[in-house]
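Quick note: the sequence shown uses my numbering, first residue 8, plus one each step. Don't be surprised by glycine CBs; every beta carbon is placed ideally from N, CA and C. Only one structure is covered here, and it is reproduced in the block below.
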Amino acid sequence: MVQLKAAQYGIPVADLIRDAVDQYTVTTPRVQECISIHEGKRCDGQLMPTTVTQVVDFDIDDHTHSIKVLEVPAQECTTCHSVREDVELGATIEECVSDLVDAIINNSKMTLPHSVTYGELLSGKMFFQRPS
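Structure representation (structure tokens):
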């Protein structure tokens, strides 16, 4: 189906998918209740959207490097303020950063960024710092 749509508009499949992701409108998820336990009692707060920073470590030539991914979606409890991060999203971010590091290593004109935003990572646009 995707190939048919791309052919219909005369564009590559990758461009069709990128445009569809860019135009996608997120619907507000239903409010979830906190499941944290404090002093033997379940918290009765609600989880609200927030963001966190995820640090992805990787080794290059026996040296550990880190890239901070800023503004990663998460949820924070309105009562106990515990933060809930999505494990699957975190693992996917690590995979994406690993792929990007591999691409940078194979392109001598690019340098490793110290940090990127989740939005930059999601957009797939080239956000690497160019050497001076």
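Throw me the rounded Cβ distance for the residue i and residue j pair, which I believe falls under 8 Å.
| i | j | result |
| --- | --- | --- |
| residue 74 | residue 19 | In fact, because the Cβ distance is near 29 Å, the residues do not count as touching under 8 Å. |
| residue 128 | residue 63 | 10 Å between Cβ atoms; not a contact. |
Are the CB atoms of residue i and residue j nearer to each other than 8 Å?
| i | j | result |
| --- | --- | --- |
| residue 39 | residue 57 | no |
| residue 124 | residue 78 | yes |
| residue 43 | residue 103 | no |
Considering only C-alpha positions, which residue in the set the options is nearest to residue i?
| i | options | result |
| --- | --- | --- |
| residue 87 | 64, 107, 53 and 95 | 53 |
| residue 45 | 89, 130 and 25 | 89 |
| residue 130 | 94, 13, 28 and 23 | 28 |
| residue 65 | 76, 97, 105 and 95 | 105 |
| residue 55 | 37, 72 and 68 | 37 |
Residues bridged to residue i by DSSP?
| i | result |
| --- | --- |
| residue 75 | 62 and 122 |
| residue 94 | The partner list for residue 94 (beta bridge, DSSP) is empty, contrary to what the question assumes. |
| residue 54 | 39 and 84 |
| residue 48 | 45 |
| residue 18 | None, per the DSSP bridge assignment. |
| residue 67 | 70 |
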